[in-house]
Amino acid sequence: MTDWIQRWKENKIGWHRDKPNSKLIEFIDCLHLKQGDQVFVPLCGKSIDMMYLLDRGYRVFGVELSTLAAEQFFVENKIEYSIHQSGEFSVYSANNIQMYCGDYFKLKLEDFKSVVAVYDRASLIALPLELRVKYVSHLYSIITKGCRVLLLTLNYPQSQISGPPFAVNQEEVWSLYKKGFDCQQLQCFNDIENEPKFQRANVDFIEKATYCLRKK
Ligand SMILES: C[S@@+](CC[C@H](N)C(=O)[O-])C[C@H]1O[C@@H](n2cnc3c(N)ncnc32)[C@H](O)[C@@H]1O
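At the far end of the sequence shown sits residue 216, using our numbering, and the numbering has no gaps.
Printed below as a string of structure tokens:
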């Protein structure tokens, strides 16, 4: 099991990028957002994608286990913040953004009244299979009907390299989401030439897929 808190302490955060994700930029329209809408970013780390959303006039609601990630997000982006306690969560807040520090699985429906969309990059695929099942059923239980999800996944031969990130193919996305969500795959392509870590491990391919989901 990944010790995420320790990874943050040791700054082993190889997933973090300093530019917004190109698939967020390309496919954000599938979320049908209006100015001021609130987007939930589960397992958010200190993702710069949250700045992209804020800069476009959306509100952000993140959840993240590590307080170090939260502090770094606000400090590195030069955003003044305050901290208050809400139940089991330390909530880091500033204009238009709230980051709940604590366990995603402890979030409740009442926290989600104004969330209209979810952006999932490196969140579902950060978890091993048994937690992915739990992650999706928890997501279903906390978001409201009609809520849209932009989901980015990776798929590669899991026997050739271990996760995280874990391989999640289309079949698994369908089996995890189809019962509760309308599902559409927007794109899927092999990007092995841009993944040196996977090339070094002689992995045959790494498919990157983007999905748009809508809670039924
Ligand atoms: C692979 S990183 C991805 C971060 C972010 N989505 C990004 O794209 O940069 C996964 C993050 O999930 C956080 N995390 C793992 N389990 C969690 C949980 N149960 N509740 C909240 N955050 C969690 C970890 O601390 C880590 O920052």
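Backbone N, C-alpha and C define an ideal beta-carbon position, used for all residues, glycine too. All values reported here derive from a predicted model rather than from experimental measurement.
I need the straight-line Cα distance from E110 to Q158, nearest angstrom please. For E110 and Q158, the distance between alpha carbons rounds to 37 Å.
Q. Hey, N11 and M51: beta-carbon distance below 8 Å or not?
A. Inclusion of N11 and M51 in the CB contact set at 8 Å is not warranted, their separation being larger than that value.
How many Å lie between E80 and Y100 at the Cα?
Each residue's Cα considered, the two are about 16 Å apart.
- Task: Give the DSSP-derived three-state secondary structure of A209 in the structure shown.
- Result: A209 falls in the strand class under three-state DSSP.
Which residues bound the alpha helix (DSSP H) around M51? D49 to D55 is the extent of the alpha helix (DSSP H) around M51.
Worksheet item: At what residues does the beta strand (DSSP E) containing R59 begin and finish?
Response: Unbroken beta strand (DSSP E) run through R59: R59 to E64.
Margin query: I need the DSSP call for I83, collapsed to helix, strand or coil.
Written below: Taken through DSSP and simplified to helix, strand or coil, I83 comes out as strand.
Which term fits G87, buried or exposed, when burial requires 16 or more other beta carbons within 10 angstroms of its beta carbon?
-> In this structure G87 is exposed. Its beta-carbon is surrounded by fewer than 16 other beta-carbon atoms within 10 angstroms.
Going by C-alpha distance, which of I25, G36 and V41 is nearest L107?
That would be V41, whose Cα lies nearest to the Cα of L107.
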